[in-house]
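Below: the structure, in structure tokens.
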Amino acid sequence: MKHYDVIIIGGGPAGLAAAIRASKNASVLLIEREARLGGILKQCIHDGFGVVRFGEKLSGPEYADRFIKEIDKTNVEISLLSFVTDVTRTDKYELTYVCENGVRRVTCDKLILATGCRERTKNGIFIQGDRCSGVYTAGAAQNLVNMMGVMPGKRVVILGSGDIGLIMARRLTFEGAEVLGVYEAKPTPSGLTRNIHQCLRDFDIPLYLSKTVTRVFGANRLEKVEISDVDDKMRPIPGTEQIIECDTLVLAVGLIPENELANDLSVKLDYKTKGAIVDQNCQTLSDGIYACGNALHVNDLVDYVSESGETAGGNASLPNKERKLVPVEVKGKIMYIVPQMLDLNSPLDKVITYFRASEDLTGQKLTVKVGGQTVFNKSYLKLLPPEMERVVIDYSKADLSSGRIVISLEDK
Amino acid sequence: MNLQKKINEAYKKLGIKITALENDRSIVLNGECGDWQKIVDAGKLFVDKKSGKHVVNDIKYTTRQETPPYLPALKDEKLNGTEWDVVIIGGGISGCSVARELTKFDLKVLLCEKHSDVAHGASGANDGMVHAGIDIKRQCKKLYYGVRGNAMYDIVCKDLGVEFERAGQYVVFTSRLIKLLGRSYLRRAKKHNIPGVEIIGKKEICRIEPKVKDFAVGALKIITTGAVSPYKLTIAYAENAVQNGATVSLNTAVLSINRTDDEITSVVTNRGTVKAKCVVNCAGVFADQIAEMAGDRYFSIHPRKGVDLLMDSKANGLPSNAISLAPTFKTLKQNKNTKGGGIIKTVDGNILLGPNAREVFDREDTSTQTSDINEVFDKQSRCCPSMQKSGIIAYFAGVRAPSYEEDFIIERSSEIKNLIHVAGIQSPGLTAAPAFSVDVAELAVEYLKSSGCDVKLNTDFNPVRNAPVCAKTLTDAERDELIKSNPDYGKIICRCEEVSLGEIKNAINNPLGVRTIDGVKRRVRAGMGRCQGGFCMPLVVKAIAEETGVSYSSVDKGDMGSYVAIGNIKEI
């Protein structure tokens, strides 16, 4: 069995960044289930990727290509069309995967999970009605249009104002479909503000808030959908039903980190992010297992996916060190933070912390306190749940062994 | 039966004015009503167990017209002028099992199914439980064939290469009184020759299934209850029939039936008119309409919808056994037409909840409603309160085809000599099919012989259908060897269910000629997992297009017209 210092599962943006960084100090194997590297970026042919990292607007494939060119210069071993079927923990990690050549077994000291995320489905949000064709997740619709070059339909309703939904509204309009509207159950849009403008407003596509699809109709192909208003708990209000004739329903109703392997390995997850609980090095509570990118938490910018990949790759390539973990507590209207833990035996001067507000807020102050002493604060005019925030916190001057670490969000 | 008394009763209880006529075989009801449930209730009032006469319920539903039945948008002459010994109408578990049993004889057998695959109706949308028969109180065809069918499952599934698990079932008692009454099950089991039924104590049931420890006082343990994939078994029966010489014609709907006084001469389909020496009506919810086409409608089918919920195998709080709560006096009164459903463990290891039972007007309406989901979940979670609704990954509805007498109708028509009805097949129809299909085949053979045909045994009959390759269940060494023989088995297409391109190609090239996304899904589970096809659906479309040499836009999800792409971009 061949041994590697680090094995990375997933060759999307997180895995690529992790592999490149880790290869500076370690032997690395990158396992990717598809035939090409790049993950979901392969089908994201719109622009807007890399603004933070490269200062330019790239398409998804272009963004991925920069990393693929980079990885070609390293000694990372890449196994494509390879699917991990089993991971067992011994004194190291033993992986079994299948590929075109057969069943392979390899071992490693450190394992990085860069498995990305998946989309919520029609059943996941309890849409009722007939079992016709014409209902797609946004990712599947994107694959059909951008990878296979076919049109799913002509009259389109989009449910969910997440970024892929908005992108697909524009994409299908470009290709001549009529997008009848984007419906969002929440009272506020789920996607980035820039996408609301660039994908909907610029094309006069209406956005309807506090409405959802409750039923689909169609003997073979979708013929119409039923839309209902929802109350403040997002439950449909009887009597508000409205029928819209359409042949296509695209669902962009949320992404969920893929954590099959993490579950199999009993890695402790955060119920809020649905990804692993990690320290500032992206190491999970299971020693030697790292999580990064959208498998860790769903990001809205790929730049941050790459960043967490690098964090994980960099640390995984270093020799093992005993960790001293303390939790980071959260107060106020914060949906989640990552990392959820700090390792006091690792550098603490530049702890990259991501968070999302739990609701639309104005005039907020983020404060980080250790044992009552403020170590960081930042003011925000406006915070929106769809827009992830990133701060770099310096904990190195605080006495972390004595007091609780609390990150809070308060009205200014 | 005193018809006038019943007519008065119907008026008093339901407020419907009914006329009723009695003939040799049936009691025929007429009238009008705007409430479908009341129409069904009226039909039930006239069931006469003593005479064994069937209810034909022609009370008109005034609220709306019946939705026209699904017919494939296809018309050709593929079958026109062909001649068959036996024509089977309907490709559910009944039709497919009868077809396979008939191929044991040297006969020309045609099965017509109007959908694009077999098991499209109730046979594809039920919980897959192979019942022990303990719920059936009195001697009837359901019991007779149910108990015999159950005993045949091991051998049938082994022959047909279908997974079958006899993991048993536990009916949990929630009070001492119910447990005491549970003894009646033991007497019944003895009387009906149902083996392996016993009552176990609180300690044992809580050890077997700790999820019930807060309320169980004991349980009825039934070891012969099993689980099978209902559509996989139906498909396997059909494939084995084809292997042994039968013809399965899909997208083929029976439009009318030609006959002389007492004999069917030919069957008219959208693919031509075929001559038939003998016809077997296995048309499920349409069995009474097919009978009508032959001028032989002496029973009515009233469609009953049931919804099942499928739980994510990785959801929290699930039980590990098939369990249900023993009926109490209250629940027995509430719903007489379902055994109350239960929590079932499928052969694929998922937990399935259901079904409920709702009388519906439409025979083909398999849509689901939020109220169904809530009803089933709320009911079944009483038996396992730790289950969470968020664990549901899929739900589906099936429409069962009961007669008013709530028993199977398996007989040769007394009026049309070459017509055999296999009607009113509802739970435990799946369990019973291996047994009744043998008898139905025999009925057909007896008739053919009596009409002067020389029916020989099919000496080439091979009962074995090889199970499709399932790479993930192999050992690493076996799987390695398989991939070396064909690298497609190493390319995983469906990540949730770990299905390879090789397995998907096998499914596309199935003996029935089904080339749809749902066809692949049901044969090898691609698209059945957590992402419900979000990732693999486009890849399956690609595989079907490439294997069969058609464009992506010609690939259907299921029936004709259920396309997933309307054409190439820039071209439409």
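Which chain is which? The protein sequence lines are A and V, in order.
Taking the numbering used here, I'd label the letters of the first sequence as residues 22 to 433.
Taking the numbering used here, I'd label the letters of the second sequence as residues -12 to 559.
Where a beta carbon is used, it is the ideal one built from N, C-alpha and C, also for glycine.
(message) For the beta strand (DSSP E) containing Gln263 of chain A, name the first residue and the last one.
(response) Unbroken beta strand (DSSP E) run through Gln263 of chain A: 263 to 266.
(request) May I ask you to list the residues that DSSP assigns as paired with Ser249 of chain A? (result) Among the bridge pairs identified by DSSP, Ser249 of chain A is matched with A:Thr233.
(message) Rounding to the nearest angstrom, what Cα-Cα distance links Leu180 of chain A and Gly328 of chain V in this structure?
(response) 34 Å
(request) Step through the CB atoms of chain A and report whether any lies within less than 8 Å of the CB of Tyr550 of chain V. (result) yes
(message) Applying the 10 Å Cβ sphere with the 16-neighbour rule, what's the burial state of Met409 of chain A?
(response) buried
(request) Would you kindly check if the distance between the Cβ of Pro227 of chain A and the Cβ of Gly260 of chain A is under 8 Å? (result) Inclusion of Gly260 of chain A and Pro227 of chain A in the CB contact set at 8 Å is not warranted, their separation being larger than that value.
(request) List the whole-angstrom C-beta distance separating Met362 of chain A from Asp300 of chain A, where the pair is believed to meet the contact cut-off of C-beta under 8 Å. (result) 4 Å
(request) With 7 Å as the C-beta to C-beta threshold (strictly closer), list the residues of the segment 287 to 301 of chain V near chain A in chain order. (result) Result list: Lys301.
(message) Which residue wins for smallest C-alpha separation from Pro372 of chain V, given the options V:Val199, V:Met547, V:Cys144?
(response) V:Val199
(message) Within 10 Å of its beta-carbon, does Thr535 of chain V have 16 or more other beta-carbons around it, so buried, or fewer, so exposed?
(response) Exposed is the call here.
(message) Taking the alpha helix (DSSP H) that Pro348 of chain A belongs to, which residues open and close that run?
(response) Segment 346 to 353 is the beta strand (DSSP E) holding Pro348 of chain A; no alpha helix (DSSP H) there.
(request) Give the interface partners of Glu121 of chain A over in chain V, defined as CB-CB distance under 8 Å, in chain order. (result) Here the neighbours are Ile470, Pro474, Gly477, Lys478.
(message) Which residue marks the beginning of the beta strand (DSSP E) containing Gly335 of chain A, and which one marks its end?
(response) No beta strand (DSSP E) contains Gly335 of chain A, which is instead part of the alpha helix (DSSP H) from 323 to 337.
(message) Quick check on Glu351 of chain V: buried or exposed, where buried means 16 or more other Cβ atoms within 10 Å of its Cβ?
(response) buried
(message) Determine whether the beta carbon atoms of Ala571 of chain V and Gly111 of chain V lie at a separation below 8 Å.
(response) Residue numbering for chain V in the displayed model covers -12 to 559; residue 571 of chain V lies beyond these limits and cannot be assessed.
(request) Spatial neighbours of Met(-12) of chain V within its chain, please: CB distance less than 6 Å, with the 5 preceding and 5 following residues excluded, ordered by chain position. (result) Asp35
(request) Give every residue of the same chain whose Cβ lies closer than 7 Å to the Cβ of Ser84 of chain V, excluding the five residues on either side of it in the sequence, and list them in chain order. (result) Tyr224, Ala420, Pro421, Ser424
(request) Would you list, in sequence order, the uninterrupted beta strand (DSSP E) runs of no fewer than 3 residues that lie entirely inside the segment 64 to 111 of chain V? (result) For the segment 64 to 111 of chain V, the continuous beta strand (DSSP E) assignments of 3+ residues that do not extend past its boundaries occur at 70 to 76, 96 to 99, in sequence order.
(message) Distance check for Cys120 of chain A and Leu102 of chain A, CA to CA, integer angstroms please.
(response) The straight-line gap from Cα to Cα measures roughly 6 Å.
(request) Just the C-alpha distance for Gln413 of chain V and Arg387 of chain V, rounded to the nearest angstrom, thanks. (result) C-alpha separation (whole angstroms): 6 Å.
(message) Suppose you measure from the CA of Lys245 of chain A to the CA of Phe147 of chain A; what does that come to, to the nearest Å?
(response) The alpha-carbon atoms of Lys245 of chain A and Phe147 of chain A are separated by roughly 17 Å.
(message) Which of the three DSSP states is assigned to Pro278 of chain A in this structure?
(response) DSSP places Pro278 of chain A in strand when its eight states are reduced to three.
(message) Assuming the contact rule is C-beta atoms closer than 8 Å, Gly155 of chain V and Lys208 of chain V should be a hit. Round their C-beta distance to whole Å, please.
(response) 6 Å
(message) Which complete beta strand (DSSP E) runs does the segment 512 to 552 of chain V hold, if anything under 3 residues is left out?
(response) none
(message) I'd like to know whether the C-beta of Asp463 of chain V is nearer than 8 Å to at least one C-beta of chain A.
(response) yes
(request) Using only alpha-carbon positions, find the residue among A:Asp130, A:Phe104, A:Gly33, A:Ser80 that is nearest to Ile89 of chain A. (result) A:Gly33
(request) Output the boundary residues of the beta strand (DSSP E) element that contains Ala206 of chain V. (result) Note, Ala206 of chain V: beta strand (DSSP E), 205 to 209.
(request) Please name the residues in the segment 183 to 210 of chain A whose beta-carbon is closer than 8 Å to at least one beta-carbon of chain V, in chain order. (result) Glu196, Gly197
(request) Name, please, each residue of chain A whose Cβ falls closer than 7 Å to the Cβ of Gly521 of chain V. (result) Arg139, Glu140, Thr142, Thr158, Gly160, Ala161
(request) Quick one: measure Cβ to Cβ for Leu435 of chain V and Cys265 of chain V, integer angstroms, because I've assumed they're closer than 8 Å. (result) Cys265 of chain V and Leu435 of chain V do touch by the CB rule: their CB atoms are close to 6 Å apart, below 8 Å.
(request) Buried or exposed for Gly197 of chain A, please, with buried defined as at least 16 other CB atoms from any protein chain shown within 10 angstroms of its CB. (result) exposed
(request) Identify whether Glu408 of chain A lies in helix, strand or coil by the three-state DSSP scheme. (result) coil
(message) Would you say Cys518 of chain V lies against chain A (beta-carbon separation less than 8 Å)?
(response) Yes, its Cβ sits closer than 8 Å to a Cβ of chain A.
(request) Quick one: grab the DSSP three-state call for Val425 of chain V. (result) Three-state result, Val425 of chain V: helix.
(request) Give the DSSP-derived three-state secondary structure of Leu8 of chain V in the structure shown. (result) strand
(request) Answer with buried or exposed for Ala464 of chain V, where buried requires no fewer than 16 other C-beta atoms within 10 angstroms of its C-beta. (result) exposed
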